[in-house]
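Heads up, the thing below is written out as structure tokens.
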Amino acid sequence: PPFYSRDVSEMYDAILHKPLHLPPGKSEASCHLLYGLLQKDQHRRLGAIADF
């Protein structure tokens, strides 16, 4: 998982504040999808109300 940590508090902090880094070797389409779904700004996130 992109923000995994054994320390739950550290993991939550990473989810909220750290940028998403994906490992190399993933397709451009899959990276675009993950960046869209995991967008921190709820108004820009893929699947937000404005997308429908």
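Under my numbering, think of the first position of the sequence shown as 1349, with each following residue one higher. All residues carry an ideal CB built from backbone N, CA and C; glycine is no exception.
Check, Outcome
"Pairwise C-alpha distance: leucine 1386 and lysine 1366", "11 Å"
"Span separating the alpha-carbon of glutamate 1358 from that of leucine 1368", "15 Å"
"Beta-carbon gap between leucine 1370 and proline 1350 smaller than 8 Å", "yes"
"Contact belief for serine 1408 with alanine 1362 at Cβ below 8 Å, rounded distance in angstroms", "With the chain represented from 1349 up to 1400, any question about residue 1408 goes unanswered, as that position is not in the structure."
"Cβ neighbours of tyrosine 1383 in the same chain (closer than 7 Å, five flanking residues each side left out)", "Leu1368"
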